[in-house]
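Let me begin by presenting the structure, written as structure tokens, before commenting on it.
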């Protein structure tokens, strides 16, 4: 029996999943009694779906149970997942087992008639699975089900409609938003088959403390547990990634660790987020890139910048929300996402995206500061109109008392027009309270010779 509070096997640590493990155990008991189930294990990337399956399946293989487990891969070959589950090509059309001949009562309503090669193959695959379950109860566990190839998806849908008294438990682990774009008929599969949905949320702060204790073998100070929970949003993958970096650098879960997490933690946590987004389809990556550039969840702007569909944008935002990297109430995206996504792009590509976002925001009549923030982030030379936006944003920032913001915009202007005396005086004025010594340097350079620069109006 796996301890659901804290299970550790083969390096995998599971905490805070008592209820989920108990539910899976109960569904397996039902399947043993001839009540088959399809279980959809929902949760954002890194929340611990695979670790939960590890804990659930540990010790369950034996004479009284058959466990077949596979990982769906993006762009996998047709029937690739079925082959991984059933051991070869998944069965052939001549595999006719007496115990499964009840099977084609509802399947002939499909677009393939009963004599087609596709239908015969689907039927043979289902009979192979039923044959395995006739000998002893069968668990079919699939990780990353959102990447399941189309042919294997069709077989799972076919199998789902045939489950009546088979001793079969199918567990599909998938992300709750992205999988809708990859497997739009998943809901139909669940409606057609006896099923159960289990939603995995992020860990509570107490569970994060347990994870730290089990991983590092040390009791964390409360402040460190709280800092990790806040930084990683309770996501087990991000917490584990952070703890691995701590061990490598010899940092402990103490007061010094709190300081380390505050300074080095954000960059470390960004790495698995980037890996997750990189593994997705080009369409998902494009939508995520647009979200990262804009830094907000405005669907209309994201669609205009990337061309992504509203549904895909919603799916990506929901996934980031589940990772606690998007705040729907504020409409803002966590800086971790921006670092993770944009850090993997070349300077030219980043500049093109920033310039496109600046034009889009400017045309949409957004505040000058929003446009200027995109321009400031560019390494390339701004277009002529952009300098006027920077001036406007600087004036507005100064009027609302944001001298630091005004200085930021003016410094970007002076990078392009270093001989602009008016700009230097304005920058010195903005810095006079925030950074007097730097302000004096700009005043000292106010008469630097050079060609006159037009003052934007």
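In full-length UniProt numbering, the protein residues as written are 1 to 457.
Here a beta-carbon is modelled for each residue, glycine too, at the ideal position from N, C-alpha and C.
C-alpha gap between residue i and residue j, whole angstroms
{"i": "residue 246", "j": "residue 15", "result": "20 Å"}
{"i": "residue 172", "j": "residue 393", "result": "51 Å"}
{"i": "residue 168", "j": "residue 332", "result": "44 Å"}
{"i": "residue 27", "j": "residue 85", "result": "20 Å"}
{"i": "residue 286", "j": "residue 71", "result": "25 Å"}
{"i": "residue 158", "j": "residue 312", "result": "27 Å"}
{"i": "residue 17", "j": "residue 307", "result": "39 Å"}
{"i": "residue 383", "j": "residue 51", "result": "50 Å"}
{"i": "residue 423", "j": "residue 410", "result": "7 Å"}
{"i": "residue 127", "j": "residue 58", "result": "27 Å"}
{"i": "residue 116", "j": "residue 380", "result": "59 Å"}
{"i": "residue 174", "j": "residue 144", "result": "5 Å"}
{"i": "residue 360", "j": "residue 196", "result": "44 Å"}
{"i": "residue 30", "j": "residue 79", "result": "28 Å"}
{"i": "residue 232", "j": "residue 138", "result": "36 Å"}
{"i": "residue 222", "j": "residue 344", "result": "35 Å"}
{"i": "residue 408", "j": "residue 390", "result": "9 Å"}
{"i": "residue 13", "j": "residue 240", "result": "9 Å"}
{"i": "residue 417", "j": "residue 376", "result": "14 Å"}
{"i": "residue 220", "j": "residue 209", "result": "7 Å"}
Top-ranked residue by Cα proximity to residue i, from the options
{"i": "residue 53", "options": "64, 41 and 351", "result": "41"}
{"i": "residue 213", "options": "198, 244, 233 and 194", "result": "244"}
{"i": "residue 368", "options": "386, 201 and 353", "result": "386"}
{"i": "residue 374", "options": "390, 234, 388 and 354", "result": "354"}
{"i": "residue 224", "options": "201, 252 and 141", "result": "252"}
{"i": "residue 238", "options": "269, 226, 343 and 404", "result": "269"}
{"i": "residue 458", "options": "402, 207, 79 and 56", "result": "In the structure as shown, the chain begins at 1 and stops at 457. Residue 458 is therefore absent and cannot be evaluated."}
{"i": "residue 258", "options": "371, 370, 402 and 228", "result": "228"}
{"i": "residue 301", "options": "358, 350 and 330", "result": "358"}
{"i": "residue 349", "options": "46, 378, 429 and 364", "result": "378"}
{"i": "residue 202", "options": "226, 396, 218 and 236", "result": "236"}
{"i": "residue 199", "options": "152, 47 and 326", "result": "47"}
{"i": "residue 291", "options": "272, 328 and 255", "result": "328"}
Residue i - DSSP class collapsed to helix/strand/coil
{"i": "residue 417", "result": "coil"}
{"i": "residue 79", "result": "coil"}
{"i": "residue 390", "result": "helix"}
{"i": "residue 143", "result": "strand"}
{"i": "residue 173", "result": "strand"}
{"i": "residue 42", "result": "strand"}
{"i": "residue 37", "result": "strand"}
{"i": "residue 138", "result": "strand"}
{"i": "residue 208", "result": "helix"}
{"i": "residue 16", "result": "coil"}
{"i": "residue 269", "result": "helix"}
{"i": "residue 47", "result": "coil"}
{"i": "residue 381", "result": "coil"}
{"i": "residue 404", "result": "helix"}
{"i": "residue 202", "result": "coil"}
{"i": "residue 310", "result": "helix"}
{"i": "residue 327", "result": "strand"}
{"i": "residue 109", "result": "Annotation note: pLDDT 43 at residue 109 (below 50); position unreliable, coordinate value reported separately. Three-state result, residue 109: helix."}
Extent of the continuous alpha helix (DSSP H) run through residue i
{"i": "residue 304", "result": "299-306"}
{"i": "residue 341", "result": "335-342"}
{"i": "residue 118", "result": "117-135"}
{"i": "residue 280", "result": "No alpha helix (DSSP H) holds residue 280; DSSP gives it neither H nor E."}
{"i": "residue 371", "result": "368-376"}
{"i": "residue 154", "result": "150-162"}
Element boundaries [beta strand (DSSP E), containing residue i]
{"i": "residue 58", "result": "From DSSP, residue 58 is part of no beta strand (DSSP E); its letter is neither H nor E."}
{"i": "residue 245", "result": "Unbroken run through residue 245 is the alpha helix (DSSP H), 236-249; no beta strand (DSSP E)."}
{"i": "residue 218", "result": "Note, residue 218: premise wrong, no beta strand (DSSP E); not H, not E."}
{"i": "residue 67", "result": "66-71"}
{"i": "residue 197", "result": "195-199"}
Residue-level contact to chain C via CB, residue i, 8 Å cutoff
{"i": "residue 406", "result": "In the displayed structure, chain C is absent; only one protein chain is listed."}
Q: Please confirm if the region 164-176 is in contact with the region 34-41, defined as three or more CB-CB distances below 8 Å between the two stretches.
A: yes
Q. Taking three-plus beta-carbon pairs below 8 Å as touching, is the region 255-264 in contact with the region 273-292?
A. no
(Q) Contact between the region 336-354 and the region 287-297 is defined here as three or more beta-carbon pairs at a separation below 8 Å; is this criterion met? (A) yes
Q.
Three or more C-beta pairs under 8 Å: does that hold for the region 18-25 against the region 139-159?
A. no
Q: Evaluate contact between the region 153-162 and the region 117-133, counting only Cβ atoms and requiring at least three cross-stretch pairs below 8 Å.
A: yes
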